[in-house]
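Shown next, in structure tokens, is the structure this report addresses.
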Amino acid sequence: MSSLYSQARPISYPEGFTLMSHSDTYKDSVYFHYSPSFKYSVGLEVAKDDYFDDEYSFFRFTYLLNRKNTQNSQSNLYFQSGLDPENFDRHFYGLHGDWETRRWFVGFGYKESFNDFEDFSEKYLQFGIAPYLGKYGDLHTWLMFKTKKNSLGDGWSTYPVIKFFKGDFLIELGYNNKTRTDAHLMYRF
Amino acid sequence: MRLICLILMFMASIIFAEKNHDSHEHHGHAVHQNDVYVDGKKFKLDKERFDEFKKNLRDVQVAIINVQGMVCDFCARGIEKAFLKDTKVKKIDVDLENGKVVIAYSLNKKIEFKEIREKILMNGQNATDYKLMKI
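Which chain is which? The protein sequence lines are A and B, in order.
If you read the first sequence in our numbering, its first letter stands for residue 72, the second for the next number, and so on.
If you read the second sequence in our numbering, its first letter stands for residue 108, the second for the next number, and so on.
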């Protein structure tokens, strides 16, 4: 299973590398990508799937479909996809969008995944507020709520998420008794 | 367990928020949120940060660029990296609060807004205007 995680900026700045790890109820994964430009990124994700008890990898491609900048906000719409190089039947595609100011964040995602066992879809919505506005280089903190649904699971799951962000590092943690822990670490360079 | 996690998350956030708030008060952040004057024209900038930027700078031209869509450190970091590839850039800083990028160039650099705008556009943001001053 590939799980849908809210990637803060799924494409880096031009010529930037990003290393991220993600862990939730369904899988643990490590994803490394390179962005030749701010419009797209290519990378490899290696995953240990707890739901289907499987291990696999994805070549991933993410493309910025649209971006709107204003003085105080930025909104983005991304296309994301992945293909298992050893099994083309295993692949996924989806959309991911966000709108962000320095104070507020709204994000959403939808993804369709296909494999040899059972196809499934995932969707999420995420809202966040920054309790204070840090300067460039400060520690930034986001308090968020996320609601998500996996068609393999039993309905929507809503839970709080906290995100810390400083320099090139980001950590995002969420928890509820349905989904256990959502942990997302990211290092950009 | 869920309740404990919630409490821990919010406590951690409040602690970090308080720490940051204290830090800003210590530096008089709110007081120093002023307009900077370039050639008699107002340009909204964090004056304290700009004064710190100018410290020890001599014989440079400083471009203050208004940038749209610069909402987080990742945007700022990309812009910083792009401009620092230019050997004539002596120093760069980002004022996220006011959406400004401040760049100190050596005096022999011919500064053109077109070049600046393209570099920022390549990073995914939009430069709308700029001011130039000599130090």
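We put the beta carbon where it would ideally sit given N, CA and C, even for glycine.
Quiz prompt | Between the CA atoms of residue 150 of chain B and residue 161 of chain B - distance to the nearest angstrom | solution = Your numbering for residue 161 of chain B matches position 54 in the second sequence. Your numbering for residue 150 of chain B matches position 43 in the second sequence. Near 16 angstroms, if we compare the C-alpha coordinates of residue 150 of chain B and residue 161 of chain B.
Practice problem: For residue 81 of chain A, count neighbouring Cβ atoms within 10 angstroms of its own Cβ and tell me buried if that reaches 16, exposed if not. | Solution: Taking the first residue of the first sequence as 1, we reach residue 81 of chain A at position 10. By the 10 Å Cβ count, residue 81 of chain A comes out buried.
Exercise. Enumerate, from N- to C-terminal direction, the unbroken beta strand (DSSP E) stretches of 3 or more residues contained entirely within the stretch 146-233 of chain B.
Key: If you keep only unbroken beta strand (DSSP E) runs of at least 3 residues inside the stretch 146-233 of chain B, you get 148-153, 167-175, 196-202, 207-213.
Quiz item: How many angstroms separate the CA atom of residue 172 of chain B from the CA atom of residue 102 of chain A?
Solution: Position 65 of the second sequence holds residue 172 of chain B. Position 31 of the first sequence holds residue 102 of chain A. For residue 172 of chain B and residue 102 of chain A, the distance between alpha carbons rounds to 35 angstroms.
Exercise. In the DSSP assignment, find the unbroken beta strand (DSSP E) run with residue 199 of chain A in it and report its ends.
Key: In the first sequence, residue 199 of chain A corresponds to position 128, counting from 1. Counting along the chain, the beta strand (DSSP E) containing residue 199 of chain A begins and ends at 191-200.
Quiz item: How big is the Cα-Cα spacing for residue 153 of chain B and residue 219 of chain B?
Solution: Within the second sequence, residue 153 of chain B is the residue found at index 46, counting from 1. Within the second sequence, residue 219 of chain B is the residue found at index 112, counting from 1. Distance between the alpha carbons of residue 153 of chain B and residue 219 of chain B is about 24 angstroms.
Exercise. With 8 angstroms as the limit, tell me which residues of the stretch 158-187 of chain A have their beta carbon closer than that to any beta carbon of chain B; keep them in chain order.
Key: Hits within the stretch, in order: 171, 172, 173.
Quiz item: What is the rounded straight-line gap between the Cα of residue 149 of chain A and the Cα of residue 171 of chain A?
Solution: For the purposes of this step, residue 149 of chain A is identified with residue 78 of the first sequence, where counting begins at 1. For the purposes of this step, residue 171 of chain A is identified with residue 100 of the first sequence, where counting begins at 1. Rounded to whole angstroms, residue 149 of chain A to residue 171 of chain A spans 14 angstroms at the Cα level.
Exercise. Please check if any C-beta of chain B sits within less than 8 angstroms of the C-beta of residue 81 of chain A.
Key: Locating residue 81 of chain A in the first sequence gives position 10, where the first residue counts as 1. It does not: the Cβ of residue 81 of chain A has no partner Cβ on chain B nearer than 8 angstroms.
Quiz item: Would you say residue 231 of chain B reaches chain A, if we count a Cβ-Cβ gap shorter than 8 angstroms as a contact?
Solution: For the purposes of this step, residue 231 of chain B is taken as the residue at position 124 of the second sequence. It does; some Cβ of chain A falls within 8 angstroms.
Quiz item: Do you know how far the Cα of residue 196 of chain B is from the Cα of residue 192 of chain A?
Solution: The sequence position of residue 192 of chain A within the first sequence is 121, counting from 1. The sequence position of residue 196 of chain B within the second sequence is 89, counting from 1. In this model, residue 192 of chain A and residue 196 of chain B are separated by some 48 angstroms (Cα to Cα).
Quiz item: Are the CB atoms of residue 210 of chain A and residue 237 of chain A nearer to each other than 8 angstroms?
Solution: Within the first sequence, numbered from 1, the residue matching residue 210 of chain A stands at position 139. Within the first sequence, numbered from 1, the residue matching residue 237 of chain A stands at position 166. Contact flag set, yes.
Quiz item: What separation, rounded to the nearest whole angstrom, lies between the Cα atoms of residue 190 of chain A and residue 160 of chain A?
Solution: Stepping through the first sequence from its first residue, residue 190 of chain A is reached at position 119. Stepping through the first sequence from its first residue, residue 160 of chain A is reached at position 89. If you take the alpha carbons of residue 190 of chain A and residue 160 of chain A, they lie about 10 angstroms apart.
Quiz item: Checking contacts by CB at 8 angstroms: is residue 154 of chain B closer than that to chain A?
Solution: Looking up residue 154 of chain B in the second sequence gives position 47. Using a CB distance cut-off of 8 angstroms, residue 154 of chain B does not count as an interface residue toward chain A.
Quiz item: Which bits of chain B does residue 259 of chain A rub up against, with CB to CB less than 8 angstroms?
Solution: Here the question's residue 259 of chain A lines up with position 188 in the first sequence. Against chain B, the beta carbon of residue 259 of chain A has neighbours under 8 angstroms at 181, 184, listed in chain order.
Practice problem: With 8 angstroms as the C-beta to C-beta threshold (strictly closer), list the residues of the stretch 198-226 of chain A near chain E in chain order. | Solution: Any reference to chain E falls outside this structure, whose protein chains are A and B.
Quiz item: Shortest alpha-carbon distance to residue 112 of chain A belongs to which of A:207, A:125, A:89, A:124?
Solution: As a first step, residue 112 of chain A must be located in the first sequence, where it is residue number 41. When the alpha-carbon of residue 112 of chain A is set against those of A:207, A:125, A:89, A:124, the nearest one is in A:89.
Practice problem: Kindly provide the ranges of any beta strand (DSSP E) runs that are 3 or more residues long and lie completely inside the stretch 150-229 of chain A, ordered along the chain. | Solution: Whole beta strand (DSSP E) segments, 3+ residues: 158-171, 175-185, 191-200, 211-221.
Quiz item: For residue 217 of chain A, is the beta carbon positioned less than 7 angstroms from some heavy atom of the ligand MG?
Solution: Within the structure as shown, the ligand MG is missing, as the structure has no ligands at all.
Quiz item: When burial is assigned at 16 or more other CB atoms within 10 Å of the CB, is residue 222 of chain A buried or exposed?
Solution: Taking the first sequence and counting its residues from 1, one reaches residue 222 of chain A at position 151. It is exposed - the Cβ of residue 222 of chain A has fewer than 16 other Cβ atoms within 10 Å.
Quiz item: Below 8 angstroms between beta carbons: does that hold for residue 104 of chain A and residue 131 of chain A?
Solution: Counting from 1 along the first sequence, the entry for residue 104 of chain A is found at position 33. Counting from 1 along the first sequence, the entry for residue 131 of chain A is found at position 60. Taking 8 angstroms as the Cβ cut-off, residue 104 of chain A and residue 131 of chain A qualify as a contacting pair.
Practice problem: Taking a Cβ distance cut-off of 7 angstroms, strictly less, list which residues of the stretch 131-153 of chain A are near chain B, in chain order. | Solution: Listed by position, the residues of the stretch 131-153 of chain A near chain B (Cβ gap below 7 angstroms) are 138, 140, 141, 142, 144, 145.
Quiz item: Excluding the five sequence neighbours on either side, which residues of its own chain have a C-beta within less than 8 angstroms of the C-beta of residue 174 of chain B, listed in chain order?
Solution: Taking the first residue of the second sequence as 1, we reach residue 174 of chain B at position 67. Answer for residue 174 of chain B: 186, 206, 207, 208, 227, 232, 233, 234, 235, listed in chain order.
Self-check item: Beta carbon proximity, residue 236 of chain A to chain B, threshold 8 angstroms
Solution: For the purposes of this step, residue 236 of chain A is taken as residue 165 along the first sequence, with counting starting at 1. Answer yes: the Cβ-Cβ gap between residue 236 of chain A and chain B drops below 8 angstroms somewhere.
Quiz item: In the structure shown, what three-state DSSP assignment does residue 86 of chain A receive?
Solution: Position 15 of the first sequence holds residue 86 of chain A. Of the three classes helix, strand and coil, the one that applies to residue 86 of chain A here is coil, per DSSP.
Practice problem: Please report how far the alpha carbon of residue 208 of chain A lies from the alpha carbon of residue 202 of chain B, in whole angstroms. | Solution: Indexing the first sequence from 1 puts residue 208 of chain A at position 137. Indexing the second sequence from 1 puts residue 202 of chain B at position 95. Looking at the backbone, the Cα of residue 208 of chain A and that of residue 202 of chain B are separated by about 10 angstroms.
Quiz prompt | Proximity winner among A:246, A:239, A:186, relative to residue 91 of chain A (alpha-carbon distances) | solution = Along the first sequence, read from residue 1 onward, the residue named residue 91 of chain A stands at position 20. With respect to the C-alpha of residue 91 of chain A, the residue from A:246, A:239, A:186 having the closest C-alpha is A:239.
Quiz item: Can you tell which of A:231, A:251, A:256 has the C-alpha that lies nearest to the C-alpha of residue 224 of chain A?
Solution: As a position in the first sequence, residue 224 of chain A is number 153, starting the count at 1. Measuring from the Cα of residue 224 of chain A, the nearest candidate turns out to be A:251.
Quiz item: Can you tell me where the beta strand (DSSP E) with residue 133 of chain A in it begins and where it stops?
Solution: Locating residue 133 of chain A in the first sequence gives position 62, counting from the first residue. Membership of residue 133 of chain A in the beta strand (DSSP E) is indicated by the continuous run 125-140.
Quiz item: Which partner residues of residue 105 of chain A appear in the DSSP bridge assignment?
Solution: Against the first sequence, residue 105 of chain A aligns to sequence position 34. DSSP links residue 105 of chain A through a beta bridge to A:88, A:113.
Quiz item: Comparing alpha-carbon positions, which option in B:225, B:213, B:217 lies nearest residue 165 of chain B?
Solution: Looking up residue 165 of chain B in the second sequence gives position 58. Considering only alpha carbons, the answer is B:213.
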